[in-house]
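Here the structure comes first, spelled out in C-alpha coordinates, and everything after it is commentary.
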Amino acid sequence: MIKKFTLLVLLLVSAWFTAWVTVDRSLPSPVHERARKNQATPDLLARVDIAPRGEALTFARFKQNGQPRLILVTDFVKGQVSGIDIQSQLPDGAADPIALFNLMGYAALEALEGPPVKVAADDLILPFPGTDNQIAVGINYPAHSDETAITQSFVFPKRTAATDHRAKVPARDYLLDYEIELGFVLLNDLSRDALPKYVGLVLSSDYTDRAALMRHVNLRDVSSGEGFTQGKSERGFMPVGNLFVIPKDFQRFYKSLKLELWCNGEKRQEAKPANLIWDVQRILFEALARESLRWKWNNEVVSLPIKDRRIPARTMILSGTPGGVIYRQPTARDIFLGVSETFFMLRWFQPQTVVEPFLRNEHFSRRYLKPGDIVQMKANRLGTISNQIVAE
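The opening residue of the sequence shown carries number 106 in this note's numbering; numbering runs sequentially from there.
Printed below as a string of C-alpha coordinates:
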(Lines of atoms letter the chains of each structure in order from A; the text may use other names.)
(Lines give C-alpha, C1' and ligand atoms only; values in the text may rest on other atoms or scores of the structure.)
Protein backbone atom coordinates (compact mmCIF):
# COMPACT_ATOMS: atom_id res chain seq x y z
CA MET A 106 0.00 0.00 0.00
CA ILE A 107 2.82 2.40 0.88
CA LYS A 108 4.60 1.59 -2.38
CA LYS A 109 1.44 2.29 -4.39
CA PHE A 110 0.93 5.59 -2.59
CA THR A 111 4.57 6.58 -3.16
CA LEU A 112 4.28 5.69 -6.85
CA LEU A 113 1.10 7.75 -7.16
CA VAL A 114 2.78 10.75 -5.54
CA LEU A 115 5.77 10.42 -7.88
CA LEU A 116 3.47 10.24 -10.90
CA LEU A 117 1.56 13.32 -9.80
CA VAL A 118 4.75 15.29 -9.12
CA SER A 119 6.15 14.16 -12.48
CA ALA A 120 2.98 15.30 -14.24
CA TRP A 121 3.13 18.60 -12.36
CA PHE A 122 6.76 19.08 -13.35
CA THR A 123 6.00 18.34 -17.01
CA ALA A 124 3.09 20.78 -16.98
CA TRP A 125 5.29 23.44 -15.37
CA VAL A 126 8.03 23.06 -17.98
CA THR A 127 5.51 23.10 -20.82
CA VAL A 128 3.63 26.17 -19.58
CA ASP A 129 6.85 28.00 -18.71
CA ARG A 130 8.19 27.51 -22.25
CA SER A 131 5.00 28.79 -23.83
CA LEU A 132 5.18 32.57 -23.81
CA PRO A 133 1.96 34.42 -22.97
CA SER A 134 0.23 36.29 -25.74
CA PRO A 135 2.02 39.61 -26.19
CA VAL A 136 0.19 42.64 -24.94
CA HIS A 137 -0.25 45.28 -27.60
CA GLU A 138 1.31 48.53 -26.51
CA ARG A 139 -1.09 51.40 -26.24
CA ALA A 140 -0.60 54.17 -28.75
CA ARG A 141 2.28 56.48 -27.91
CA LYS A 142 2.43 58.94 -30.78
CA ASN A 143 -1.01 59.11 -32.35
CA GLN A 144 -2.85 60.61 -29.40
CA ALA A 145 -3.40 64.35 -29.21
CA THR A 146 -1.54 65.72 -26.21
CA PRO A 147 -3.98 67.68 -24.02
CA ASP A 148 -3.18 71.34 -23.53
CA LEU A 149 -3.19 71.35 -19.75
CA LEU A 150 -2.14 74.98 -19.56
CA ALA A 151 -4.89 76.40 -21.76
CA ARG A 152 -6.97 77.14 -18.70
CA VAL A 153 -7.14 76.11 -15.06
CA ASP A 154 -10.11 77.41 -13.10
CA ILE A 155 -9.05 79.32 -9.98
CA ALA A 156 -11.37 79.46 -6.98
CA PRO A 157 -12.49 82.95 -5.88
CA ARG A 158 -10.76 84.09 -2.69
CA GLY A 159 -14.03 83.86 -0.78
CA GLU A 160 -13.92 80.11 -1.44
CA ALA A 161 -10.20 79.31 -1.39
CA LEU A 162 -6.77 80.96 -1.36
CA THR A 163 -4.53 79.81 -4.21
CA PHE A 164 -0.75 80.20 -4.00
CA ALA A 165 2.10 79.63 -6.44
CA ARG A 166 5.84 80.20 -6.33
CA PHE A 167 8.42 81.20 -8.92
CA LYS A 168 12.06 82.25 -8.85
CA GLN A 169 13.33 85.78 -9.38
CA ASN A 170 17.06 86.46 -9.27
CA GLY A 171 17.51 82.93 -8.01
CA GLN A 172 15.18 83.37 -5.02
CA PRO A 173 11.64 81.96 -4.56
CA ARG A 174 8.78 84.46 -4.59
CA LEU A 175 5.19 83.85 -3.57
CA ILE A 176 2.08 85.02 -5.38
CA LEU A 177 -1.61 84.86 -4.54
CA VAL A 178 -3.11 83.50 -7.77
CA THR A 179 -6.18 85.03 -9.37
CA ASP A 180 -6.07 83.59 -12.91
CA PHE A 181 -4.45 80.75 -14.90
CA VAL A 182 -5.01 80.96 -18.65
CA LYS A 183 -3.01 80.41 -21.83
CA GLY A 184 0.03 79.21 -19.95
CA GLN A 185 0.20 82.35 -17.78
CA VAL A 186 -0.50 82.60 -14.06
CA SER A 187 -1.65 86.01 -12.83
CA GLY A 188 -1.94 87.20 -9.27
CA ILE A 189 -0.67 89.45 -6.50
CA ASP A 190 2.98 89.59 -5.54
CA ILE A 191 2.83 89.10 -1.77
CA GLN A 192 6.52 88.57 -1.10
CA SER A 193 6.75 91.71 1.02
CA GLN A 194 4.11 90.30 3.40
CA LEU A 195 6.19 87.25 4.27
CA PRO A 196 7.94 86.74 7.62
CA ASP A 197 11.71 86.92 7.15
CA GLY A 198 11.14 87.05 3.41
CA ALA A 199 10.54 83.26 3.20
CA ALA A 200 8.34 82.33 0.25
CA ASP A 201 6.22 79.98 2.30
CA PRO A 202 2.41 79.94 1.97
CA ILE A 203 2.00 77.85 5.13
CA ALA A 204 4.00 80.27 7.28
CA LEU A 205 2.15 83.23 5.77
CA PHE A 206 -1.25 81.68 6.38
CA ASN A 207 -0.40 80.87 9.99
CA LEU A 208 0.84 84.44 10.48
CA MET A 209 -2.04 86.33 8.87
CA GLY A 210 -5.04 84.01 8.81
CA TYR A 211 -7.67 83.48 6.12
CA ALA A 212 -9.59 86.74 6.44
CA ALA A 213 -6.52 88.97 6.14
CA LEU A 214 -5.23 87.11 3.09
CA GLU A 215 -8.66 87.16 1.48
CA ALA A 216 -8.64 90.97 1.68
CA LEU A 217 -4.96 91.38 0.77
CA GLU A 218 -3.97 93.69 -2.07
CA GLY A 219 -0.61 94.13 -3.72
CA PRO A 220 1.22 94.71 -7.00
CA PRO A 221 0.04 92.51 -9.89
CA VAL A 222 2.38 89.92 -11.35
CA LYS A 223 2.19 87.50 -14.28
CA VAL A 224 4.36 84.39 -14.56
CA ALA A 225 4.63 81.64 -17.17
CA ALA A 226 3.15 78.43 -15.74
CA ASP A 227 6.27 76.54 -16.86
CA ASP A 228 8.32 78.77 -14.54
CA LEU A 229 6.40 77.83 -11.41
CA ILE A 230 8.34 75.84 -8.82
CA LEU A 231 7.37 73.56 -5.93
CA PRO A 232 4.46 75.48 -4.33
CA PHE A 233 5.31 74.84 -0.66
CA PRO A 234 8.18 73.49 1.47
CA GLY A 235 7.24 70.03 2.69
CA THR A 236 8.70 66.97 4.40
CA ASP A 237 10.21 63.65 3.28
CA ASN A 238 7.77 61.38 5.13
CA GLN A 239 4.14 61.26 4.02
CA ILE A 240 1.04 59.30 5.00
CA ALA A 241 -0.32 57.36 2.02
CA VAL A 242 -3.55 55.42 1.62
CA GLY A 243 -3.86 52.24 -0.40
CA ILE A 244 -7.16 51.24 -2.02
CA ASN A 245 -9.40 54.24 -1.44
CA TYR A 246 -11.56 54.27 -4.60
CA PRO A 247 -14.00 51.45 -5.46
CA ALA A 248 -12.71 51.10 -9.04
CA HIS A 249 -9.12 50.65 -7.86
CA SER A 250 -10.30 48.07 -5.36
CA ASP A 251 -12.00 46.18 -8.19
CA GLU A 252 -8.97 46.21 -10.50
CA THR A 253 -6.58 45.01 -7.78
CA ALA A 254 -8.97 42.62 -5.95
CA ILE A 255 -7.96 44.24 -2.64
CA THR A 256 -11.01 45.12 -0.60
CA GLN A 257 -9.58 46.80 2.51
CA SER A 258 -8.20 50.35 2.64
CA PHE A 259 -4.94 50.82 4.57
CA VAL A 260 -2.20 53.35 5.34
CA PHE A 261 1.59 53.22 4.96
CA PRO A 262 4.51 55.68 4.96
CA LYS A 263 5.75 57.12 1.65
CA ARG A 264 9.35 58.11 2.36
CA THR A 265 10.13 60.69 -0.29
CA ALA A 266 9.93 64.46 -0.74
CA ALA A 267 7.86 66.29 -3.34
CA THR A 268 9.37 67.46 -6.62
CA ASP A 269 7.91 70.10 -8.93
CA HIS A 270 5.21 69.71 -11.54
CA ARG A 271 7.65 69.39 -14.49
CA ALA A 272 10.08 66.97 -12.83
CA LYS A 273 11.42 64.10 -14.91
CA VAL A 274 10.67 60.66 -13.48
CA PRO A 275 13.30 57.90 -13.79
CA ALA A 276 12.29 54.56 -15.31
CA ARG A 277 15.47 52.49 -14.71
CA ASP A 278 14.52 48.80 -14.64
CA TYR A 279 11.33 49.44 -12.70
CA LEU A 280 7.87 48.25 -13.59
CA LEU A 281 7.00 51.94 -13.39
CA ASP A 282 3.33 52.79 -12.92
CA TYR A 283 1.52 56.12 -12.59
CA GLU A 284 -1.05 57.15 -9.97
CA ILE A 285 -2.88 60.46 -9.60
CA GLU A 286 -3.90 61.48 -6.08
CA LEU A 287 -5.31 64.36 -4.08
CA GLY A 288 -2.90 65.48 -1.36
CA PHE A 289 -4.02 67.03 1.93
CA VAL A 290 -1.24 69.07 3.60
CA LEU A 291 -1.35 69.82 7.32
CA LEU A 292 -0.76 73.50 8.10
CA ASN A 293 -0.10 72.86 11.80
CA ASP A 294 0.78 69.88 13.95
CA LEU A 295 -2.25 67.66 14.40
CA SER A 296 -2.40 66.25 17.91
CA ARG A 297 -5.94 64.90 18.16
CA ASP A 298 -8.43 62.88 16.15
CA ALA A 299 -10.56 65.95 15.35
CA LEU A 300 -10.15 67.62 11.98
CA PRO A 301 -8.27 70.91 11.75
CA LYS A 302 -10.24 73.89 10.50
CA TYR A 303 -7.91 74.55 7.55
CA VAL A 304 -5.95 72.12 5.39
CA GLY A 305 -3.89 72.75 2.26
CA LEU A 306 -4.70 70.89 -0.94
CA VAL A 307 -2.34 69.96 -3.76
CA LEU A 308 -2.54 67.77 -6.84
CA SER A 309 -0.10 64.90 -6.41
CA SER A 310 1.33 61.88 -8.18
CA ASP A 311 2.32 58.60 -6.58
CA TYR A 312 4.66 56.84 -9.01
CA THR A 313 5.23 53.20 -8.15
CA ASP A 314 7.71 50.44 -8.92
CA ARG A 315 5.35 47.48 -9.06
CA ALA A 316 8.24 44.98 -9.11
CA ALA A 317 9.70 46.27 -5.83
CA LEU A 318 6.24 46.42 -4.30
CA MET A 319 5.37 42.84 -5.30
CA ARG A 320 8.72 41.48 -4.09
CA HIS A 321 8.16 42.96 -0.63
CA VAL A 322 4.38 42.82 -0.21
CA ASN A 323 2.90 40.57 2.46
CA LEU A 324 1.13 38.01 0.26
CA ARG A 325 -0.92 36.76 3.21
CA ASP A 326 -2.13 40.23 4.17
CA VAL A 327 -1.76 42.83 1.43
CA SER A 328 -3.69 45.37 3.52
CA SER A 329 -0.87 45.38 6.08
CA GLY A 330 0.81 47.84 3.71
CA GLU A 331 4.08 45.90 3.79
CA GLY A 332 6.08 46.46 0.59
CA PHE A 333 4.23 49.61 -0.41
CA THR A 334 6.80 51.93 1.15
CA GLN A 335 9.53 50.05 -0.74
CA GLY A 336 7.72 50.32 -4.07
CA LYS A 337 6.72 53.98 -3.76
CA SER A 338 9.59 55.84 -2.09
CA GLU A 339 12.25 56.25 -4.76
CA ARG A 340 13.55 59.78 -5.18
CA GLY A 341 11.42 61.58 -7.76
CA PHE A 342 8.35 59.41 -7.23
CA MET A 343 6.13 62.31 -6.00
CA PRO A 344 5.89 65.31 -8.32
CA VAL A 345 3.13 67.67 -7.16
CA GLY A 346 1.01 70.27 -8.90
CA ASN A 347 2.01 73.90 -9.45
CA LEU A 348 -0.64 75.40 -7.12
CA PHE A 349 -1.18 75.21 -3.36
CA VAL A 350 -4.78 75.81 -2.28
CA ILE A 351 -6.19 76.54 1.19
CA PRO A 352 -10.01 76.39 1.05
CA LYS A 353 -12.28 78.18 3.48
CA ASP A 354 -14.27 74.93 3.85
CA PHE A 355 -11.91 72.20 2.71
CA GLN A 356 -14.33 69.28 3.21
CA ARG A 357 -16.87 70.85 0.89
CA PHE A 358 -14.18 72.06 -1.52
CA TYR A 359 -12.33 68.79 -2.12
CA LYS A 360 -15.55 66.91 -2.80
CA SER A 361 -16.20 69.20 -5.79
CA LEU A 362 -12.89 68.36 -7.51
CA LYS A 363 -12.17 66.03 -10.42
CA LEU A 364 -8.78 64.39 -11.07
CA GLU A 365 -7.65 63.40 -14.58
CA LEU A 366 -4.52 61.64 -15.87
CA TRP A 367 -3.29 61.09 -19.42
CA CYS A 368 -0.43 58.90 -20.64
CA ASN A 369 0.92 59.83 -24.07
CA GLY A 370 -2.30 61.74 -24.73
CA GLU A 371 -4.66 58.90 -23.77
CA LYS A 372 -6.84 59.45 -20.72
CA ARG A 373 -6.18 56.63 -18.26
CA GLN A 374 -7.58 57.85 -14.92
CA GLU A 375 -10.50 60.05 -13.90
CA ALA A 376 -12.11 60.33 -10.49
CA LYS A 377 -13.91 62.57 -8.06
CA PRO A 378 -12.52 62.64 -4.49
CA ALA A 379 -16.12 62.79 -3.31
CA ASN A 380 -16.06 59.02 -3.94
CA LEU A 381 -13.19 58.26 -1.52
CA ILE A 382 -13.85 55.17 0.58
CA TRP A 383 -12.11 56.75 3.57
CA ASP A 384 -12.69 60.50 3.79
CA VAL A 385 -9.94 62.70 5.23
CA GLN A 386 -11.25 62.44 8.80
CA ARG A 387 -11.22 58.63 8.59
CA ILE A 388 -7.72 58.67 7.07
CA LEU A 389 -6.36 60.75 9.94
CA PHE A 390 -8.12 58.57 12.51
CA GLU A 391 -6.74 55.37 10.96
CA ALA A 392 -3.23 56.84 10.71
CA LEU A 393 -3.18 57.99 14.33
CA ALA A 394 -4.33 54.53 15.42
CA ARG A 395 -1.27 53.01 13.70
CA GLU A 396 1.43 55.11 15.34
CA SER A 397 3.13 52.00 16.73
CA LEU A 398 3.23 50.05 13.44
CA ARG A 399 6.52 49.60 11.58
CA TRP A 400 7.39 48.87 7.96
CA LYS A 401 10.63 47.84 6.23
CA TRP A 402 12.23 50.17 3.74
CA ASN A 403 15.77 49.88 2.30
CA ASN A 404 16.88 47.69 5.23
CA GLU A 405 15.51 50.24 7.70
CA VAL A 406 12.52 50.03 10.01
CA VAL A 407 10.27 53.05 9.45
CA SER A 408 6.96 54.36 10.72
CA LEU A 409 4.28 56.87 9.85
CA PRO A 410 5.26 60.49 10.69
CA ILE A 411 3.47 60.31 14.04
CA LYS A 412 4.92 60.72 17.53
CA ASP A 413 2.93 61.00 20.76
CA ARG A 414 -0.26 61.06 18.67
CA ARG A 415 1.02 64.11 16.83
CA ILE A 416 1.34 64.43 13.05
CA PRO A 417 3.76 67.25 12.16
CA ALA A 418 2.82 70.25 10.05
CA ARG A 419 3.59 70.01 6.32
CA THR A 420 2.99 66.26 6.23
CA MET A 421 1.07 65.33 3.10
CA ILE A 422 -1.75 62.81 3.25
CA LEU A 423 -1.95 61.05 -0.12
CA SER A 424 -5.57 60.00 -0.28
CA GLY A 425 -5.37 57.13 -2.79
CA THR A 426 -5.62 56.66 -6.55
CA PRO A 427 -8.65 55.82 -8.71
CA GLY A 428 -8.93 52.93 -11.14
CA GLY A 429 -7.00 52.89 -14.40
CA VAL A 430 -3.42 52.12 -13.33
CA ILE A 431 -1.20 49.93 -15.50
CA TYR A 432 -0.99 47.09 -12.96
CA ARG A 433 -3.28 44.10 -13.50
CA GLN A 434 -3.88 41.10 -11.27
CA PRO A 435 -1.76 37.96 -11.83
CA THR A 436 -3.43 35.41 -14.11
CA ALA A 437 -3.99 31.72 -13.34
CA ARG A 438 -0.93 31.01 -15.51
CA ASP A 439 1.20 33.40 -13.42
CA ILE A 440 0.04 31.78 -10.19
CA PHE A 441 0.63 28.24 -11.48
CA LEU A 442 4.14 29.12 -12.66
CA GLY A 443 4.91 30.90 -9.40
CA VAL A 444 3.85 28.02 -7.18
CA SER A 445 5.64 25.51 -9.41
CA GLU A 446 8.86 27.52 -9.51
CA THR A 447 8.84 27.88 -5.74
CA PHE A 448 8.33 24.12 -5.29
CA PHE A 449 10.68 22.66 -7.89
CA MET A 450 13.50 25.14 -7.29
CA LEU A 451 13.33 24.22 -3.59
CA ARG A 452 12.58 27.76 -2.48
CA TRP A 453 10.02 26.62 0.03
CA PHE A 454 11.24 29.10 2.63
CA GLN A 455 11.25 31.96 0.12
CA PRO A 456 7.51 32.35 -0.57
CA GLN A 457 8.06 35.65 -2.39
CA THR A 458 9.53 33.62 -5.27
CA VAL A 459 5.94 32.97 -6.28
CA VAL A 460 5.70 36.46 -7.86
CA GLU A 461 8.77 36.14 -10.12
CA PRO A 462 7.07 34.59 -13.18
CA PHE A 463 4.39 37.30 -13.00
CA LEU A 464 7.05 40.02 -12.88
CA ARG A 465 8.94 38.50 -15.82
CA ASN A 466 5.74 38.46 -17.86
CA GLU A 467 5.00 42.06 -16.91
CA HIS A 468 8.46 43.11 -18.11
CA PHE A 469 7.82 41.16 -21.32
CA SER A 470 4.51 42.94 -21.87
CA ARG A 471 6.20 46.37 -22.10
CA ARG A 472 2.97 47.92 -20.83
CA TYR A 473 4.69 49.90 -18.10
CA LEU A 474 6.15 53.40 -18.36
CA LYS A 475 9.39 53.72 -20.27
CA PRO A 476 11.73 56.49 -21.40
CA GLY A 477 9.98 58.91 -23.74
CA ASP A 478 6.51 58.49 -22.25
CA ILE A 479 4.67 61.62 -21.08
CA VAL A 480 2.33 61.51 -18.09
CA GLN A 481 0.04 64.50 -17.55
CA MET A 482 -2.36 65.24 -14.70
CA LYS A 483 -4.87 67.97 -14.06
CA ALA A 484 -7.42 69.06 -11.49
CA ASN A 485 -9.26 72.32 -12.00
CA ARG A 486 -8.57 74.67 -9.07
CA LEU A 487 -5.47 72.63 -8.16
CA GLY A 488 -3.30 72.95 -11.26
CA THR A 489 -1.31 70.55 -13.40
CA ILE A 490 1.54 68.04 -13.48
CA SER A 491 3.46 67.00 -16.62
CA ASN A 492 6.26 64.46 -16.30
CA GLN A 493 8.55 62.99 -18.92
CA ILE A 494 9.75 59.49 -18.18
CA VAL A 495 13.53 59.23 -18.61
CA ALA A 496 16.16 56.50 -18.44
CA GLU A 497 17.71 58.10 -15.32
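Glycine included, every Cβ here is placed at the ideal spot set by N, Cα and C.
task: Compute the distance between the beta-carbons of residue 159 and residue 218, then report whether it is under 8 angstroms.
output: Translated into positions along the sequence shown, residue 159 becomes position 54. Translated into positions along the sequence shown, residue 218 becomes position 113. The Cβ atoms of residue 159 and residue 218 lie no closer than 8 angstroms to each other.
Residues of its chain near residue 244, where Cβ-Cβ distance is below 8 angstroms and the 5 sequence neighbours each way are ignored: Locating residue 244 in the sequence shown gives position 139, counting from the first residue. Correct list, in chain order: 250, 253, 255, 256, 257, 258, 259, 328, 382 and 425.
Cα-Cα separation between residue 434 and residue 314, rounded to whole angstroms: Within the sequence shown, residue 434 is the residue found at index 329, counting from 1. Within the sequence shown, residue 314 is the residue found at index 209, counting from 1. Between the alpha carbons of residue 434 and residue 314 lies a distance of about 15 angstroms.
Which of helix, strand or coil DSSP assigns to residue 319: One-based indexing of the sequence shown puts residue 319 at position 214. Helix.
- prompt: Per DSSP, residue 391 forms a beta bridge with which residues?
  reply: Reading the sequence shown from its first residue, position 286 is the one you call residue 391. In the DSSP output, where bridge partners are listed per residue, residue 391 has none listed.
message: If I measure Cβ to Cβ from residue 142 and keep anything under 8 angstroms in the same chain, skipping five residues before and after, which residues do I get?
response: Reading the sequence shown from its first residue, position 37 is the one you call residue 142. Because the pLDDT at residue 142 is just 48, under 50, the model does not fix this residue reliably, and the value given afterwards should be weighed accordingly. Result list for residue 142: 369, in chain order.
query: Cα separation between residue 209 and residue 309?
result: Sequence index remark: in the sequence shown, residue 209 carries index 104 (1-based). Sequence index remark: in the sequence shown, residue 309 carries index 204 (1-based). Their backbone Cα atoms lie some 26 angstroms apart in a straight line.
message: I'd like to know whether the C-beta of residue 386 is nearer than 8 angstroms to at least one C-beta of chain C.
response: This model lacks chain C altogether, as it is built from one protein chain only.
query: Among 471, 494, 473 and 472, which residue has its Cα nearest to the Cα of residue 481?
result: Residue mapping note: residue 481 aligns to position 376 of the sequence shown, counting from 1. For residue 481, the nearest C-alpha among the options comes from 494.
- request: Would you check if the distance between the CB atom of residue 164 and the CB atom of residue 178 is smaller than 8 angstroms?
  value: For the purposes of this step, residue 164 is identified with residue 59 of the sequence shown, where counting begins at 1. For the purposes of this step, residue 178 is identified with residue 73 of the sequence shown, where counting begins at 1. Less than 8 angstroms divides the Cβ of residue 164 from the Cβ of residue 178.
query: Taking DSSP as the reference, what is the three-state secondary structure of residue 164?
result: As a first step, residue 164 must be located in the sequence shown, where it is residue number 59. Note: residue 164 maps to strand in three-state DSSP.
task: Return the bridge partner residues of residue 421 from the DSSP annotation.
output: The count along the sequence shown starts at 1 and reaches residue 421 at position 316. When DSSP reads this structure, residue 421 sits in a beta bridge with 290.
Which of helix, strand or coil DSSP assigns to residue 386: Taking the first residue of the sequence shown as 1, we reach residue 386 at position 281. Three-state DSSP puts residue 386 in a helix.
field: Of the residues 181, 438 and 304, the one placed nearest residue 423, counting alpha carbons only
entry: Residue numbering aside, residue 423 sits at position 318 when the sequence shown is read from its first letter. Taking only the C-alpha atoms, the option nearest residue 423 is 304.
query: What's the gap between the Cα of residue 241 and the Cα of residue 182?
result: As a first step, residue 241 must be located in the sequence shown, where it is residue number 136. As a first step, residue 182 must be located in the sequence shown, where it is residue number 77. Approximately 32 angstroms between the Cα atoms of the pair.
- request: Provide the residue span of the alpha helix (DSSP H) that contains residue 342, from first to last.
  value: Translated into positions along the sequence shown, residue 342 becomes position 237. Unbroken run through residue 342: none, as it is neither H nor E.
query: Would the beta-carbon of residue 270 fall within 8 angstroms of that of residue 222?
result: Residue 270 sits at position 165 when you count from the first residue of the sequence shown. Residue 222 sits at position 117 when you count from the first residue of the sequence shown. Not a contact, by the Cβ cut-off of 8 angstroms.
- prompt: By Cβ distance, which residues of its chain are closer than 6 angstroms to residue 521, with the 5 residues on each side in sequence left out?
  reply: As shown, the chain starts at 106 and ends at 497. That puts residue 521 outside it, with no answer to give.
message: I'd like the list of long-range same chain contacts for residue 355, defined as Cβ closer than 6 angstroms, with 5 residues on each side in sequence excluded.
response: The residue you call residue 355 lines up with position 250 of the sequence shown. Here the set comprises 304.
task: Determine the extent of the beta strand (DSSP E) in which residue 492 is found, giving its start and end residues.
output: Along the sequence shown, one-based indexing puts residue 492 at 387. Residue 492 -> beta strand (DSSP E) spans 488-495.
task: Write down every uninterrupted run of the beta strand (DSSP E) in the stretch 205-261 whose length is 3 residues or greater and which is fully enclosed by it, in chain order.
output: Every beta strand (DSSP E) of 3 residues or more that sits fully in the stretch 205-261 is shown, in chain order, as 221-225 and 239-243.
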